[in-house]
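*Asks:* Numbering (our numbering), first residue to last: 7 to 273.
#1: Say whether the region 101-118 touches the region 159-174, bearing in mind that this needs 3 or more beta-carbon pairs closer than 8 Å, one atom from each stretch.
#2: Nearest to residue 195 by alpha carbon, out of 179, 217 and 209?
#3: Can you list, in chain order, the residues of its chain whose CB lies under 6 Å from that of residue 214, leaving out five sequence neighbours each side?
#4: Tell me the DSSP bridge mates of residue 298?
#5: Would you mind reading off the limits of the alpha helix (DSSP H) that contains residue 72?
#6: Report the three-state DSSP secondary structure of residue 59 (helix, strand or coil).
#7: For residue 217, which of helix, strand or coil comes out of DSSP?
#8: Per DSSP, what kind of secondary structure is residue 14 in: helix, strand or coil?
#9: Give the C-beta separation of residue 69 and residue 17 to the nearest angstrom, bearing in mind that I take them to be a contact with Cβ-Cβ under 8 Å.
#10: Check whether the Cβ atoms of residue 100 and residue 203 sit closer than 8 Å, and answer yes or no.
#11: Can you tell me which of the three DSSP states residue 261 falls into?
#12: Could you tell me the distance, in whole angstroms, from the CA atom of residue 53 to the CA atom of residue 29?
#13: Measure the C-alpha to C-alpha separation of residue 32 and residue 103 and round it to an integer number of angstroms.
#14: Does DSSP put residue 40 in a helix, a strand or coil?
#15: Does the Cβ-Cβ distance between residue 250 and residue 228 come in under 8 Å?
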């Protein structure tokens, strides 16, 4: 009998985040069992303790807050053939990017008051909290091959990406707004009921699950490349939101991208 070819090595890592994307993958038991048959999972802190020196595909969840985390990410990148940003925090900073709206010293003051000498232990060493830098998405530190968006990631997109990479082809992801998926799934537009939504400027691919569940889109999958922010801001203003309320809605999940697109000037 012929020896079985070695299975591709896949690893999962986490930076600053809730680890919800990794848990979402673990929660899909049927998918996860199929995946185990196709690949060798050599690093997954949520499920195992084994490690390996090199990886065919590395999935990294979370954003970068400290330089020691940036160094760790660079090491992962150097040992990985493909690196995938797993989830909104890794792709564009997500909720954590709100911290960049204030100086690190001001953030410390808000959390710890006058005493900013607190330290946190990492890898057996103590690091002062002020060692935190601005929050960065993975692509701001290393080259990222693919972005798997969402908060948390979509199970079908995750499996699509893995299967495409294992087949040696390039995965493709939707390039249309969430509104297109609302129409496809028969969702009634929330604007018709006096609510506001970010679906017009947000990347699709989630199946409009939030709107289908009776909520609105808050933009967790990131901005469309051609999002017309000025027009959308005006629409929200016409629906009764003042400038501060509009900015708060944008900055819940999109703070990093909004800053990059518009700068820091208030509109």
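Note that beta-carbon positions come from the ideal geometry of N, C-alpha and C, so glycine has one too.
*Replies:* With the structure as the only source:
#1: Taking 8 Å as the limit for Cβ pairs, the verdict is that the region 159-174 does not touch the region 101-118.
#2: The residue you call residue 195 lines up with position 189 of the chain shown. With distances taken between Cα atoms, residue 195 lies closest to 217.
#3: Translated into the one-based positions of the chain shown, residue 214 becomes position 208. Contacts found: 184, 187, 188, 191 and 193.
#4: Residue 298 lies beyond the residue range present for the chain, which begins at 7 and ends at 273; the question has no answer from this structure.
#5: Here residue 72 refers to the residue found at position 66 of the chain shown. Note, residue 72: premise wrong, no alpha helix (DSSP H); beta strand (DSSP E) at 70-72.
#6: The residue you call residue 59 lines up with position 53 of the chain shown. Correct three-state label for residue 59: coil.
#7: One-based indexing of the chain shown puts residue 217 at position 211. Looking at residue 217 - three-state DSSP - the assignment turns out to be helix.
#8: Start at 1 with the first residue of the chain shown, and residue 14 comes out as number 8. Coil at residue 14, not helix or strand.
#9: Counting from 1 along the chain shown, the entry for residue 69 is found at position 63. Counting from 1 along the chain shown, the entry for residue 17 is found at position 11. With 8 Å as the limit, residue 69 and residue 17 do not qualify as a contact, their Cβ atoms being about 18 Å apart.
#10: As a working note, residue 100 is residue 94 in the chain shown. As a working note, residue 203 is residue 197 in the chain shown. No, the Cβ-Cβ distance between residue 100 and residue 203 is not below 8 Å.
#11: Reading the chain shown from its first residue, position 255 is the one you call residue 261. In the three-state scheme derived from DSSP, where H, G and I count as helix and E and B as strand, residue 261 is classed as helix.
#12: On the chain shown, residue 53 is found 47 positions in, with the first residue counted as 1. On the chain shown, residue 29 is found 23 positions in, with the first residue counted as 1. At residue 53 the pLDDT is 47, less than 50, meaning the model places this residue with poor confidence; the figure from the coordinates comes in the next sentence. Their backbone Cα atoms lie some 9 Å apart in a straight line.
#13: Taking the chain shown and counting its residues from 1, the one referred to as residue 32 is at position 26. Taking the chain shown and counting its residues from 1, the one referred to as residue 103 is at position 97. Their backbone Cα atoms lie some 26 Å apart in a straight line.
#14: Sequence index remark: in the chain shown, residue 40 carries index 34 (1-based). Helix.
#15: Numbered from its first residue, the chain shown carries residue 250 at position 244. Numbered from its first residue, the chain shown carries residue 228 at position 222. Against a cut-off of 8 Å, the Cβ pair of residue 228 and residue 250 comes out as no contact.
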